[in-house]
Amino acid sequence: MVVSLRNALFPAEQWLQHTPTVLMLLGLLWSTSQARLSSISFACAISFVVLHIIGARWIYSNVPYDAWCESLTGMSLSDQFGWQRNHYDRLVHFASGCFGVPVALDWLKQTWDASHSNDSFPKRWGWFLSLCVVMAVGAAYEVLEWQIAMFFSPAQAEAYNGQQGDVWDAQKDLCLAGMGGLLAIGIHWIWSEFRRD
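Mapped onto this note's numbering, the consecutive letters of the sequence shown carry residue numbers 14 to 210.
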């Protein structure tokens, strides 16, 4: 995070972008002593933080993934798919579901085990509730973005929210978080079936 602040391209907006980074890092610090996340969940949480730090560095709407892709493959993703906007924020919302479900599932399992010592953790309910947690956090974040749009200047709000003129941005972001969460549940289900065989 500190390295991303060096020669910041958008220094005025950087402090607001890194507020969630600091909160996530504090949550990870707390989890090392209290929540005891599994290795996979901890890796998912770190991966999400890294994606957010990259987004915060370039203020999401300006992440130069097209330039990176062009230097690696010789083609632009936007040209290939006909995109008119920068979709890095969409990737991060999808990742919030994909990487958030394992973390939520670990937390729910530990909460269950602490209060139901004799009963086994209901896996299907755990998957459903972990998706609910991810969607609730995503919805709360969209409400925060709405409040930023209400109380900050239009330029600051656009720099943080990255709507890029899309009036359905919040709904698309939540849909992508849900899709990412469903993908994570599918992978977890396949993995647990594979391990049972």
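Where a beta carbon is used, it is the ideal one built from N, C-alpha and C, also for glycine.
Just so we're clear, the structure is a prediction, and the values are computed from it rather than from any experiment.
Original post:
Out of curiosity, what's the CA-to-CA distance linking arginine 19 and glycine 68?
Top reply: Here residue 19 refers to the residue found at position 6 of the sequence shown. Here residue 68 refers to the residue found at position 55 of the sequence shown. Those two C-alpha atoms are separated by around 14 Å.
Subject >> Cβ neighbour criterion (16 or more within 10 Å) applied to alanine 80 >> reply: Taking the first residue of the sequence shown as position 1, residue 80 is located at position 67. Result: exposed.
Subject >> Whole-angstrom distance between alanine 190 and serine 17, CA atom to CA atom >> reply: What you label residue 17 is simply residue 4 of the sequence shown in a count that begins at 1. What you label residue 190 is simply residue 177 of the sequence shown in a count that begins at 1. Serine 17 and alanine 190: Cα-Cα distance of roughly 25 Å.
Original post:
In or out: phenylalanine 164 buried (at least 16 other Cβ within 10 Å) or exposed?
Top reply: Here residue 164 is taken as the residue at index 151 of the sequence shown, counted from 1. By the beta-carbon neighbour count (other beta carbons within 10 angstroms, threshold 16), phenylalanine 164 is exposed.
**OP:** Keeping to the same chain, check which residues put their C-beta closer than 6 Å to that of alanine 113; ignore five residues upstream and five downstream.
**Re:** Within the sequence shown, residue 113 is the residue found at index 100, counting from 1. The question names alanine, yet the displayed sequence has glycine at residue 113. Answer for glycine 113: Val147, listed in chain order.
**OP:** Can you give me the start and stop residues for the alpha helix (DSSP H) that glutamine 27 sits inside?
**Re:** To locate residue 27, count along the sequence shown from 1; it is residue 14. Run containing glutamine 27: 24-30, per the alpha helix (DSSP H) assignment.
Subject >> Residue nearest to isoleucine 200 in terms of C-alpha spacing, selected from Gln47, Trp140, Leu187 >> reply: Here residue 200 refers to the residue found at position 187 of the sequence shown. Among Gln47, Trp140, Leu187, the Cα nearest to that of isoleucine 200 belongs to Trp140.
Subject >> Closest Cα partner of proline 115 within the set Gln27, Asp182, Ser52, Met37 >> reply: Residue mapping note: residue 115 aligns to position 102 of the sequence shown, counting from 1. For proline 115, the closest C-alpha among the options Gln27, Asp182, Ser52, Met37 is that of Ser52.
Original post:
Can the beta-carbon of arginine 98 be found less than 8 Å from the beta-carbon of aspartate 186?
Top reply: Residue 98 sits at position 85 when you count from the first residue of the sequence shown. Residue 186 sits at position 173 when you count from the first residue of the sequence shown. Cβ atoms of arginine 98 and aspartate 186: not closer than 8 Å.
Original post:
Taking the alpha-carbon positions, what's the cysteine 111 to phenylalanine 61 distance?
Top reply: Along the sequence shown, one-based indexing puts residue 111 at 98. Along the sequence shown, one-based indexing puts residue 61 at 48. Spanning the two alpha carbons is a distance of roughly 9 Å.
Subject >> Span of the alpha helix (DSSP H), counted from its first residue to its last, around tyrosine 78 >> reply: Locating residue 78 in the sequence shown gives position 65, counting from the first residue. It spans 78-86 - the alpha helix (DSSP H) in which tyrosine 78 sits, taken as one unbroken run.
Subject >> For tyrosine 73, three-class secondary structure by DSSP >> reply: Start at 1 with the first residue of the sequence shown, and residue 73 comes out as number 60. Note: tyrosine 73 maps to coil in three-state DSSP.
Original post:
In angstroms, rounded to a whole number, what distance separates the CA positions of leucine 142 and glycine 87?
Top reply: The count along the sequence shown starts at 1 and reaches residue 142 at position 129. The count along the sequence shown starts at 1 and reaches residue 87 at position 74. Near 43 Å, if we compare the C-alpha coordinates of glycine 87 and leucine 142.
Subject >> Pairwise C-alpha distance: aspartate 132 and tryptophan 181 >> reply: By one-based count along the sequence shown, residue 181 stands at place 168. By one-based count along the sequence shown, residue 132 stands at place 119. Spanning the two alpha carbons is a distance of roughly 43 Å.
Original post:
Using DSSP with H/G/I as helix, E/B as strand and the rest coil, what is serine 89?
Top reply: Here residue 89 refers to the residue found at position 76 of the sequence shown. Residue state, collapsed to three classes: coil.
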